[in-house]
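At position 33 of the sequence shown (counting the first as 1) the number is 1251 in this note's numbering, and the numbers step up by one without a gap. A virtual CB, placed ideally from N, CA and C, is assigned to each residue, including glycine.
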Amino acid sequence: MSDKSTRTKKKFAILVGLGIIAAAFVGLVAGNEYVGWRLGSAAVKGSGPGNPHEVGLLKAGEMFPDVELFDLEGNRVSTHQFIGKKSTVVMFMIVDCAPCTQAIDQWKTYTDTLSADLQLVGICVAEVKQARAYSEESDIPFALYCDTDLSFHSNYEISRFPSLVGLSANGVIEFMQHGFHEGFDPFEVVTAINPGEES
């Protein structure tokens, strides 16, 4: 085999490799843009950080909806299977969202001290496999459920991440908070729905 033929094959192999890398990158970007577009199309007017009584169409004083999600094993789970038994903080999040990661890191310092009558759960916009990998990589210390087709987020117009929703033990929405804020203290969130909690 000639040197010219070998060089041509090497160049071809390099070009094919670069093409595969470029295609994977474009696919990743397109996937993230699609999720952003879907969530952006669900954005609700008037439910920004200035309105603490609404996250999308969820409103304080109303029951948290019964919606079907997936756990990290791929099993279908109704929200009412894990909500309505104890006070709950629900964190709506998206994979690889920097503010979500900051909020998770803040909760990590607090989850071990939560009383038995309070739980933190996450609802994530992601496929099960992607959410499981994110949970393992980020060492998420609470149960994570997946809204794989964005139906929950779209139907209830949840488009800001992270968003926290505090629920009483009977599943009634008590408070909401948009985004991650400097000085965020999980204890303040917990005491808003569970006043007897001790730091």
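Could you give the residue range of the alpha helix (DSSP H) that holds residue i?
i	result
residue 1337	That residue, residue 1337, is in no alpha helix (DSSP H); its beta strand (DSSP E) goes 1336–1343.
residue 1364	Not the alpha helix (DSSP H): residue 1364 falls in the beta strand (DSSP E), residues 1361–1364.
residue 1346	1346–1356
residue 1372	1369–1373
In terms of residue numbering, what span does the beta strand (DSSP E) encompassing residue i cover?
i	result
residue 1396	1391–1396
residue 1286	1286–1288
residue 1381	1381–1385
residue 1294	1294–1296
Looking at the C-beta of residue i, does it have a partner C-beta in chain C at a distance below 7 angstroms?
i	result
residue 1230	Considering every chain present, this structure includes no chain C. It has just one protein chain.
Can you tell me whether DSSP reads residue i as helix, strand or coil?
i	result
residue 1225	helix
residue 1306	strand
residue 1312	strand
Using a threshold of 7 angstroms, state whether the C-beta atoms of residue i and residue j are closer than that.
i	j	result
residue 1380	residue 1309	yes
residue 1343	residue 1365	yes
residue 1387	residue 1304	yes
residue 1368	residue 1306	no
residue 1348	residue 1295	no
residue 1341	residue 1363	yes
May I ask whether a heavy atom of the ligand MN can be found less than 6 angstroms away from the beta carbon of residue i?
i	result
residue 1380	The ligand MN is not among the ligands present in this structure, which contains no ligands whatsoever.
Looking only at C-alpha atoms, which of the options sits nearest to residue i?
i	options	result
residue 1357	1345, 1323 and 1393	1323
residue 1376	1325, 1224 and 1276	1276
residue 1293	1346, 1354 and 1229	1346
residue 1311	1331, 1339, 1298 and 1329	1339
Q | Cβ contact (3+ pairs, closer than 8 angstroms) linking the segment 1276–1283 and the segment 1312–1322 | A | no
Q) Looking at C-beta atoms only, is the number of pairs between the segment 1289–1300 and the segment 1391–1399 that lie closer than 8 angstroms three or more? A) no
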